[in-house]
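Just below is one structure, and these are the notes that go with it.
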Amino acid sequence: MAISQQQKDEILSVVVSLFNGAPGGAILDDLAKAVEDGVPIYEISRLLAETNQFKALTSDKTTIPQQVEFLLDHFGFAPGGEPGSAAALAEEYFTLMN
317 MAISQQQKDE ILSVVVSLFN GAPGGAILDD LAKAVEDGVP IYEISRLLAE TNQFKALTSD
377 KTTIPQQVEF LLDHFGFAPG GEPGSAAALA EEYFTLMN
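Residue numbers (my numbering): 317 to 414.
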């Protein structure tokens, strides 16, 4: 059984948001296989956030504002967006999830 296009898009979104780049083919295949085997996307997100590669990217992001700015940048946003805008909503979400 293959994964759906929506699931592929979700995997890509997770990797891009965490690493600010698309995964290589082998990694994408591994992640797709995990989803196919029943691993939920949120679990893949958690596992990727625990990798040494992600920790190296975020090792100097020790405060919540620094972490939020890091994530916003990966989505092409800056802090302090217009209230109600996608940037402001993302900033609020990232702040609350920390």
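Positions of the beta carbon are idealized from the N, C-alpha and C atoms, including for glycine.
Bear in mind the structure is a predicted one, so any value in this text is a computation, not a measurement.
The C-alpha of Ile343 is placed about 32 angstroms away from the C-alpha of Ala404. By the criterion of a C-beta distance shorter than 6 angstroms, Val351 is surrounded in its chain by Ile319 and Gln323, once the five residues flanking it on both sides are discounted. Between Thr411 and Leu387, the alpha-carbon positions lie close to 10 angstroms from each other. Annotation for Phe391: Ser333 and Ala406 place their beta carbon closer than 7 angstroms to its own, counting only its chain and skipping 5 residues before and after.
One alpha carbon belongs to Ala394, the other to Tyr409, and they sit about 14 angstroms apart. Judged by DSSP in its simplified three-state form, Thr378 adopts coil rather than helix or strand. Taking the C-beta atoms as reference points, Ala338 is found no nearer than 9 angstroms to Leu347. Inclusion of Asn336 and Asp376 in the CB contact set at 9 angstroms is not warranted, their separation being larger than that value.
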